[in-house]
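Visitor: Using this note's numbering, the first residue of the sequence shown is number 59, and each one after it goes up by one.
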Amino acid sequence: MSEDHPTHAYLVNAELIRAYSESELEAHFASIPGLGIDPALIGFITLHGVKIYKIVYRTIDPFGQPVLASGALSVPTIDSEVPLPLVSLHHGTIRNDRDAPSNFQNSMEARFFAPLMSSGTSAYIVAIPDYLGYGESRQIPTLTSTPLHWPRPVGICCGPPESFVSNCR
Numbered sequence: 059m060s061e062d063h064p065t066h067a068y069l070v071n072a073e074l075i076r077a078y079s080e081s082e083l084e085a086h087f088a089s090i091p092g093l094g095i096d097p098a099l100i101g102f103i104t105l106h107g108v109k110i111y112k113i114v115y116r117t118i119d120p121f122g123q124p125v126l127a128s129g130a131l132s133v134p135t136i137d138s139e140v141p142l143p144l145v146s147l148h149h150g151t152i153r154n155d156r157d158a159p160s161n162f163q164n165s166m167e168a169r170f171f172a173p174l175m176s177s178g179t180s181a182y183i184v185a186i187p188d189y190l191g192y193g194e195s196r197q198i199p200t201l202t203s204t205p206l207h208w209p210r211p212v213g214i215c216c217g218p219p220e221s222f223v224s225n226c227r
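#1: Counting contacts by CB-CB distance shorter than 7 angstroms, is Gly129 in contact with chain B?
#2: Provide the residue span of the beta strand (DSSP E) that contains Leu83, from first to last.
#3: Quick check: Phe162 and Ile75, are their CB atoms within less than 7 angstroms of each other?
#4: Count the CB pairs spanning the segment 137 to 156 and the segment 112 to 122 that are closer than 8 angstroms, and state whether there are at least three.
#5: Kindly indicate the opening and closing residues of the alpha helix (DSSP H) around Ile100.
#6: Note down the Cα distance separating Ile183 from Phe121, rounded to an integer number of angstroms.
#7: What number of angstroms, rounded off, separates the C-alpha of Ala98 from the C-alpha of Thr104?
#8: Take Thr135 and list the residues in its own chain whose beta-carbon comes closer than 7 angstroms to its own, dropping the five residues that flank it on each side.
#9: Report the residue from Gln197, Arg196, Ala158 and His86 whose alpha carbon sits nearest the alpha carbon of Ala185.
#10: Can you tell me the Cβ-Cβ gap for Leu126 and Glu194, rounded? I've got them flagged as a contact below 8 angstroms.
#11: Measuring only the C-alpha atoms, how far is Ser79 from Ser180?
#12: Distance check for Ile152 and Val70, CA to CA, integer angstroms please.
#13: Between which two residues does the beta strand (DSSP E) containing Arg28 stretch?
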């Protein structure tokens, strides 16, 4: 956190939205219409369970005003001493707040891509920011500067072994 912006990119909350075991992920992927994955192969791509979190953090808007922003974080439930790779996944244009990744149910990125990437052989931690104007910041005009600040709260969650995410795997 910078001295110039004491409210800039500070983790406020990390809330568990959903946890999936390997078998629950198999059923989840099989239930998504039009996915196009052969049901016989789903077991080969769901090698780990996954926990999905809603991350809320402080950042600044383009006018320098403090604002709360949010996003989703998908974490594989794997017991590993090796640091897991982190991927930042950015969604396309959305029109409704209900489609923001942190709202999970309607976000294809949060419901499908993040769990798929986290449960596969690479066991990625997947961070998906909501853009300003969606999620926690739905009261302000839509802007896409949020991804510039998104790595900081994710870094707090994915930091040293004693950090939040390590304790939740």
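Idealized CB from N, CA, C, for every residue including glycine. If you're wondering where the values come from, they're calculated on a predicted model, not measured in any experiment.
Guide: Walking through what the data contain:
#1: No chain B is present in this structure, which holds just one protein chain.
#2: Looking at the DSSP string, Leu83 is not in any beta strand (DSSP E); the run it does join, the alpha helix (DSSP H), is Glu80 to Ala88.
#3: yes
#4: no
#5: Ile100 to Ile103
#6: 31 angstroms
#7: 12 angstroms
#8: His106, Gly107, Val108, Lys109 and Arg227
#9: Ala158
#10: 4 angstroms
#11: 17 angstroms
#12: 25 angstroms
#13: It is not possible to answer for residue 28, since the shown part of the chain is limited to 59 through 227.
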